[in-house]
Amino acid sequence: MKFSELVDKFDELVRKHEKGKPVKPKKVSKLQQLLEEKQSGYQAKLEDTEDPGKRKKLETKLRVVTAQLEKSKRLSNPD
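Just so we're aligned: the sequence shown equals residues 1000 to 1078 in our numbering.
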């Protein structure tokens, strides 16, 4: 799944949760799985890339994915 599609899916789930609607645990776990896959992919690419422009883009995407992964964990455990 593309980065932008993943971000859109995440935003959709968060909006649904903020409106007070229930978020299905199955959807959250699937989202977490996709985020973890994307995170590991970006980390691998970051290790292999030496171009400063590409590194900066990958670091930004990695920060976004990591933050979304943390937020999705809070969605699944609203303690």
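Cβ coordinates follow ideal geometry from the N, Cα and C atoms, glycine included.
- In the structure shown, LYS1023 adopts coil according to DSSP, grouped into three states.
- Distance from the CA atom of GLN1032 to the CA atom of TYR1041, rounded to whole angstroms, is 14 Å.
- Here GLU1049 carries a coil assignment [DSSP, helix/strand/coil].
- DSSP, read as helix, strand or coil, puts LYS1072 in helix.
- With contacts defined as CB atoms closer than 8 Å, SER1071 and VAL1006 fail to qualify as a contacting pair.
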